[in-house]
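Here is the structure we will look at.
2 protein chains.
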Amino acid sequence: MSLVIVGSIALDSIKTPFGEVEKALGGSAMYASLASSNFVKTHIVGVVGEDFPIEHIDLLKENDICCKGLKTVPGNTFHWKGVYNDLNKAETLETHLNVFADFNPELPPEYRKSKYVFLGNIDPVLQLRVLDQMENPGITACDTMNFWISGKKEELMEVIKRVDILFINEDEIKMLTGEQNVFSAAETACSYGPKYLIIKRGEYGSMAVSKDFLFFVPVYPIKKVIDPTGAGDCFAGGFMGYLASMDRSDKETIKNAMIYGTVTASFDVESFSLEKIKGIDKDMIEIRKEKIKKSMKF
Amino acid sequence: MSLVIVGSIALDSIKTPFGEVEKALGGSAMYASLASSNFVKTHIVGVVGEDFPIEHIDLLKENDICCKGLKTVPGNTFHWKGVYNDLNKAETLETHLNVFADFNPELPPEYRKSKYVFLGNIDPVLQLRVLDQMENPGITACDTMNFWISGKKEELMEVIKRVDILFINEDEIKMLTGEQNVFSAAETACSYGPKYLIIKRGEYGSMAVSKDFLFFVPVYPIKKVIDPTGAGDCFAGGFMGYLASMDRSDKETIKNAMIYGTVTASFDVESFSLEKIKGIDKDMIEIRKEKIKKSMKF
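So this is what it looks like as structure tokens:
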């Protein structure tokens, strides 16, 4: 099995109470792909500029991530600058889309045959174009954000109708549905089409919801969160990577995918950029998985 | 076995997005006792004024709650007036301590022999006086609030040192310890003395922490929260009532107590005052307990 991941690739300048980095590797597709590569052969789709350091592409290759869908074009790479005064909320200082402004994801032929795809948080119009290119989609999943919910709701609803799994955070699902109660919001969003909603609740963990299913997972207890950037993407990448590796999407597999997503996200928040997550291995993942399971087990 | 519960008894005027009530029955000891009485013989300690409606005392007696520790004195009952513009945060409009200003809990002789006591959120000086009256305490527990953390920290630390279980919400434990990360805060608070911390996280559930133990419980999924007043007290009452009924405090019993606390709190938030919780029975509790367990089970 294999997983195709489409999303942004960025150079991020980030400041948190624990330090700062300048033009460090980031972007939803980078975080999700590194997380996913621990579980399954991963194919990345994205665009970078000529300023993109070659060692970042080497990092993908070292992790056996296929880069045929990664385009380098004239111009600069997407650059985001943000600050976290409190670790729960990023404040954007600057956004330079650069080459990402003209991103038009084109899947290499072998990617199109993949059964599994994760559409990171990009314009829903582009997410639809990716779905159209998949020849035999099995499990499709997407992420989104408030910007698209308010700006391109019609197109986003079309994406949501077509995917099997919607990753969304708690504020976003309330905004999407107009419901203030998360359980009511989940019920409403289930009626939009996806088989599963995966609602991300930051430091409070996550919940999986379908019409006849509700499952909660707490976070892995990290005592010092350095930088939460990319945690949601690592969650989705770990989740989808595990799912694709199992080639199943029954409830027990979804439950385990929630745990693996939680574990990969837990490594992400312990460092800036991908510093920590790029060094993890299966044993490290399994140790944390067992600890989370223990914290919710009778 | 039996449980002694000490705390406030109040007449609350509350407004939420779903309605309002005037001088409805409330107070930490009331909520906790009604919740606890589903599990174990409960003895309440508190004070009310001459304006306190007799039917509220009848309600306690109908639930087999011993009222020997409930004093009626000249004056008016403690009155709190608050509004929830959003359901996560109460805004106090008026506080009239009335007879509660001179509350000095005195335990009837048979109460003093009880092994289990829950000290609701009152002045830590009074909490200490209650502990001094217990002749053979087995498991002691207390709740508190930001007002005492900032105003009477020394006395509160003395209470925390002496009790086995500290019920505290997330903001309060951060305030108590000066730690911004809840897991670091929990580690620090464990060193203050209590065997278990039960950290209440509102709509995100709760966690139990000890030096070698971490356990998370989600909330029961309520789609329409009418009034969250008393949820923390019902949680503690259900928790302690179950613990006392089992006469054990090993880890498995603590885990089950967390679930029973969660369930009793879930009934509380579905109505104003004690309207819903006063009508629950063992079967209703067990149904929700199984549903919560299912939502966290592999």
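As they're listed, the protein sequences go chains A and B.
Per my numbering, the first sequence runs over residues 1 to 298.
Per my numbering, the second sequence runs over residues 1001 to 1298.
Note that the Cβ used here is the ideal one computed from N, Cα and C, for glycine as well.
Assigned with DSSP and collapsed to three states, residue 1001 of chain B falls in coil, not helix or strand. Contact check between the stretch 67-81 of chain A and the stretch 43-51 of chain A: three or more CB pairs, one atom from each, fall below 8 Å, which counts as touching.
Taken in chain order, the complete alpha helix (DSSP H) segments of 4 or more residues contained in the stretch 161-196 of chain A are 170-177 and 182-190. Against chain A, a Cβ distance below 7 Å from residue 1204 of chain B picks out 201 and 204.
Close to residue 228 of chain A, with beta-carbon spacing below 7 Å, lies no residue of chain B; the smallest spacing is near 12 Å. According to the DSSP assignment, residue 1088 of chain B belongs to no alpha helix (DSSP H), since it is labelled neither H nor E. In the three-state DSSP reduction, residue 116 of chain A falls in the strand class (E or B). In the three-state scheme derived from DSSP, where H, G and I count as helix and E and B as strand, residue 33 of chain A is classed as helix.
In terms of CA proximity to residue 1102 of chain B, B:1125 leads the group B:1125, B:1182 and B:1213.
Inter-residue distance for residue 1184 of chain B and residue 222 of chain A is about 9 Å (C-alpha atoms, whole angstroms).
Annotated as distal: residue 214 of chain A and residue 189 of chain A, with beta-carbon spacing of 8 Å or more. Unbroken beta strand (DSSP E) stretches of 3 residues or longer found wholly inside the stretch 213-249 of chain A: 213-217, given in chain order.
Using a Cβ-Cβ cut-off of 7 Å, residue 215 of chain A is close to 1295 of chain B, given in chain order. In terms of Cα proximity to residue 1142 of chain B, the closest of B:1015, B:1001, B:1239 and B:1283 is B:1239. When CB distances to chain A are screened at a threshold of 7 Å, the residues of the stretch 1166-1182 of chain B falling below it are 1181, in chain order. Residues of chain B whose Cβ lies closer than 8 Å to the Cβ of residue 251 of chain A do not exist, since the nearest Cβ in that chain is about 10 Å away. When beta bridges are read from the DSSP output, residue 142 of chain A appears opposite A:119 and A:166.
Between the C-alpha atoms of residue 196 of chain A and residue 1177 of chain B there is a straight-line separation of about 39 Å.
Among the residues of chain B, none has a CB under 9 Å from the CB of residue 191 of chain A; the nearest is roughly 14 Å distant. About 34 Å separates the beta carbons of residue 2 of chain A and residue 150 of chain A, which is beyond the 8 Å limit, so they are not a contact pair. Per DSSP, residue 42 of chain A lies in no alpha helix (DSSP H) segment; the continuous beta strand (DSSP E) that holds it begins and ends at 41-49. Excluding its 5 nearest sequence neighbours in each direction, residue 23 of chain A has C-beta neighbours in its own chain below 8 Å: 11, 12, 13 and 79, listed in chain order. The contact set of residue 130 of chain A on chain B, defined by CB atoms closer than 9 Å, is empty, because the minimum CB distance reaches about 33 Å. The C-alpha of residue 38 of chain A lies about 48 Å from the C-alpha of residue 1156 of chain B. Inter-residue distance for residue 1139 of chain B and residue 1034 of chain B is about 20 Å (C-alpha atoms, whole angstroms). If you look at residue 1266 of chain B, you'll find it isn't in any beta strand (DSSP E); it sits in the alpha helix (DSSP H) that goes 1251-1268. At a cut-off of 8 Å between C-beta atoms, residue 1184 of chain B counts as an interface residue with respect to chain A.
It is roughly 20 Å from the alpha-carbon of residue 1107 of chain B to the alpha-carbon of residue 1160 of chain B.
Collapsing the DSSP output to three states places residue 1064 of chain B in coil.
For residue 1221 of chain B, the C-beta contacts it makes with chain A under 7 Å involve 183 and 214, in order along the chain. Taking a cut-off of 8 Å for Cβ pairs, the stretch 240-251 of chain A and the stretch 1228-1235 of chain B do not touch, as fewer than three such pairs fall below it. Counting only the Cα atoms, residue 1083 of chain B lies some 6 Å from residue 1016 of chain B. Any Cβ of chain B closer than 8 Å to the Cβ of residue 298 of chain A would place that residue at the interface, and such an atom is present.
With 16 or more other CB atoms across the displayed protein chains lying within 10 angstroms of its CB, residue 1172 of chain B is buried. In this model, residue 128 of chain A and residue 111 of chain A are separated by some 16 Å (Cα to Cα).
Under a criterion of Cβ atoms nearer than 8 Å, the residues of chain B adjacent to residue 224 of chain A are, in order, 1181 and 1184.
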